[in-house]
Amino acid sequence: MTKDEKDLIIENLREYLLILEFNDSKNNEQISSLNERISQLENENISLKKEIEHFKSTKAYKLWNLYKK
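Quick note, the sequence shown lines up with residues 389 to 457 if you use my numbering.
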């Protein structure tokens, strides 16, 4: 293998590495965005559970429960 061939291979490998790093950063951004959304949904779920628990302690729920029977 000649020096020029080796240099070309090294150059191609460097370009490939840059592409991998770019894709990795894009993937990290997407993962970060997904993690934020998951946190949002978990917080919304916690809030909803609290609202449901609060509703269950109200007179309206108790009356609704009696009416259901």
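We treat Cβ as the ideally placed atom computed from N, Cα and C, and that holds for glycine.
What's the C-alpha gap between residue i and residue j?
{"i": "I419", "j": "N431", "result": "18 Å"}
{"i": "Q428", "j": "T390", "result": "57 Å"}
So, helix, strand or coil for residue i, using DSSP?
{"i": "S445", "result": "coil"}
{"i": "K457", "result": "coil"}
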